[in-house]
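Line by line, the protein sequences give chains A and B.
Under my numbering, think of the first position of the first sequence as 3, with each following residue one higher.
Under my numbering, think of the first position of the second sequence as 3, with each following residue one higher.
Glycine included, every Cβ here is placed at the ideal spot set by N, Cα and C.
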Amino acid sequence: MRKIITEAVFHPMGDGQRFFILHRPSNSTPARGALLHIHAFAEEMNKSRRAVSLAARLLAARGWWVLQHDLLGCGDSSGDFGDATWSAWIQDIDIAFHWLAKRSGSTPTLWGLRTGCLLAIQATEILACKPNLLLWQPVISGRTFLQQFLRLKVAGKVLSEGGQSVSTKELLQTLRSGSSLNVAGYQLSADLALPLEQAEAHLAASRAGKILLCELAMAPGAKGLSPSLTRMADEWRDGGCSISWECVSDLPFWQTQEIAEGQGFRTSTLQLLDQLIE
Amino acid sequence: MAVVSVITSLEERFGFQVEDDEIDGASFSTVGALVRFVERKLKGS
C-alpha cells in the first residue's frame, strides 16, 4: 500500500472541540478528491469504527483526502451523547465540510453510513455547493430507525425480571414532551430524536451531484437492490439524480457482535469512486 | 432479541414499519406464517 499521512486535530468550536482525523495521500501521490465521512448512530458507530478506518486508509492510499470527524457528543469530540442534537450535527458537518474543502482544495463528497446518510442528505440543503454523495447502507426512514432504537428499550424491559413493560408509543410520547430517555446506555435527547424521526431520504437533483450507493447483498452474488432502496433510487432518478450502485457481499459490520472489517464495502467503493474522476 | 433482529431486517429490506401490537409469536412460528405477515404488510403499505 502506498504511504499515507494521518493527522489528528481537535478543531475548536464555540462549545468545545471536535475531533478530526484526516487521512491523506503522501505528497508524491496525485490527489483524486476528498471525502467527508458522516458516521453511524450510537452503537452502530462504535461497531463500524474499524471498517470505516480501514476504508479511509485505503482510499487515502489511492489518492483521496478522507476526513473522519466525531459529531457533538460522540467519540473524542466535546459533550456526552445526551448533549447531541440533530441541528448541532448538521452544523458540525457544515464546518467539517468547509475545513476539508480548504485543506484538500476540492469539493468533498459526503460519505454517509446508515443514519449518517440521512444527515448527509439534509446537509446538502445548507451547503453552499453541490456535493457528490457516497451512501453506505443508508437508513431511509428516520421514523423507522428511531422506532427500532426504542425497541431495544422495550425488549430490555420485557427481558428484565419484574421489569414494567413499556411501548415504543409511550417512549415516543416521553420524547415529544421534551424529556430525554436512556436507551441501551445512550441518553437520547428530544432535540436529537424528534428531528431524526422526521428525517426522510428525499433528495432533489439540484442539491446533489452524483450519488453512489452501496447496499449489502441479501444473498451471495445477488445483483439487485432491496425493494426499499429500489423505490428510493427510482424516486431520485425520477427527480433527475444520477445514481450508481453496487450490491456488496459482506457482513453488516455496523451491527455484528464480533468486529467485522467491511472489506466488500471498501472494494465496491473503489470501483464506484472511479466514476467521480473525470 | 432474535425476533427483534428479524423484524429490523424486514423493515429495512421492505421499507415498512412494524408496530408493537403487531409483534405476535404466531407470525414468527413458521416461515410460511412470516411470509404471510410480510405480504400483509406490503399490501397495507
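Exercise for the section: Look up histidine 25 of chain A in the DSSP assignment and say whether it is helix, strand or coil. Expected result: Under the three-state reduction of DSSP, histidine 25 of chain A is assigned to strand.
Practice task
Select from the stretch 14-28 of chain B all residues with a C-beta closer than 7 angstroms to any C-beta belonging to chain A, and list them in chain order.
Solution key: Correct list: Glu14, Arg15, Phe16, Gly17, Gln19 and Asp22.
Practice task
Run through the stretch 112-195 of chain A for me and flag every whole beta strand (DSSP E) of 3 or more residues, listed as ranges in chain order.
Solution key: Qualifying beta strand (DSSP E) stretches, in chain order: 135-138, 183-185 and 188-190.
Handout entry: Beta-carbon neighbours of isoleucine 40 of chain A, restricted to chain B and to distances below 8 angstroms
Key = Ordered by position in chain B, no residue passes the 8 angstroms Cβ test against isoleucine 40 of chain A, which lies about 19 angstroms from the chain.
Handout entry: Per-residue contacts from threonine 10 of chain B into chain A (C-beta, under 7 angstroms)
Key = Correct list: Gln150.
Problem - Close beta carbons around glutamine 277 of chain A, own chain, < 8 angstroms, minus the five adjacent residues each side - result: Correct list, in chain order: Lys212, Leu214 and Ser246.
Problem - Within 8 angstroms, strictly: CB atoms of cysteine 216 of chain A and glutamate 237 of chain A - result: Not closer than 8 angstroms, so no.
Problem - Distance, valine 8 of chain B Cα to serine 228 of chain A Cα - result: Taking the straight line joining both Cα atoms gives about 15 angstroms.
Exercise for the section: Can you check DSSP and say which residues form a bridge with aspartate 214 of chain A? Expected result: First, the residue type needs correcting, since residue 214 of chain A is leucine and not aspartate in the sequence shown. Bridge partners of leucine 214 of chain A: A/Leu136 and A/Ser246.
Handout entry: Within chain A, partners of valine 6 of chain B - CB distance below 7 angstroms
Key = Under the 7 angstroms cutoff, chain A gives Arg153 and Ala157.
Handout entry: Per DSSP, cross-strand counterpart(s) of methionine 47 of chain A
Key = DSSP output for methionine 47 of chain A lists no bridge partner at all.
Exercise for the section: Inspect the beta-carbon positions of valine 20 of chain B and alanine 157 of chain A and report whether they are closer than 8 angstroms. Expected result: At the C-beta level, valine 20 of chain B and alanine 157 of chain A stay beyond 8 angstroms of one another.
Problem - CB of leucine 198 of chain A within 8 angstroms of CB of leucine 183 of chain A, strictly - result: It is not a contact, given that the beta carbons lie outside the stated cut-off.
Problem - Cutoff 8 angstroms: methionine 220 of chain A Cβ touching any chain B Cβ - result: So yes, methionine 220 of chain A belongs to the interface.
Exercise for the section: Output the boundary residues of the beta strand (DSSP E) element that contains valine 68 of chain A. Expected result: The continuous beta strand (DSSP E) containing valine 68 of chain A extends over residues 66-71.
Practice task
Name the residue from B/Glu14, B/Arg42 and B/Ser11 whose alpha carbon lies nearest to the alpha carbon of glutamate 24 of chain B.
Solution key: Nearest C-alpha to glutamate 24 of chain B: B/Arg42.
Practice task
Please say whether tryptophan 101 of chain A and histidine 39 of chain A have beta carbons closer to each other than 8 angstroms?
Solution key: Taking 8 angstroms as the Cβ cut-off, histidine 39 of chain A and tryptophan 101 of chain A do not qualify as a contacting pair.
Exercise for the section: For threonine 109 of chain A, go through chain B and note every residue whose CB falls closer than 8 angstroms to its CB, in chain order. Expected result: Identification of chain B residues near threonine 109 of chain A by a Cβ-Cβ cut-off of 8 angstroms yields none; the smallest Cβ-Cβ distance measures about 30 angstroms.
Problem - Beta-ladder partner(s) of phenylalanine 267 of chain A, from DSSP - result: In the DSSP assignment, no residue is bridged to phenylalanine 267 of chain A.
Handout entry: Closer than 8 angstroms to chain B by CB, lysine 49 of chain A
Key = Interface annotation, lysine 49 of chain A: not in contact with chain B, CB-CB separation never under 8 angstroms.
Problem - Residue interval of the alpha helix (DSSP H) (run including glycine 34 of chain B) - result: 33-46 is the span of the alpha helix (DSSP H), which, as asked, contains glycine 34 of chain B.
Handout entry: Proximity winner among A/His41, A/Glu45 and A/Asp72, relative to alanine 10 of chain A (alpha-carbon distances)
Key = Ranking A/His41, A/Glu45 and A/Asp72 by Cα distance to alanine 10 of chain A puts A/Asp72 first.
Handout entry: Local Cβ density within 10 Å of leucine 44 of chain B, reported as buried at 16 or more and exposed below that
Key = Exposed, because fewer than 16 other Cβ atoms sit within 10 Å of the Cβ of leucine 44 of chain B.
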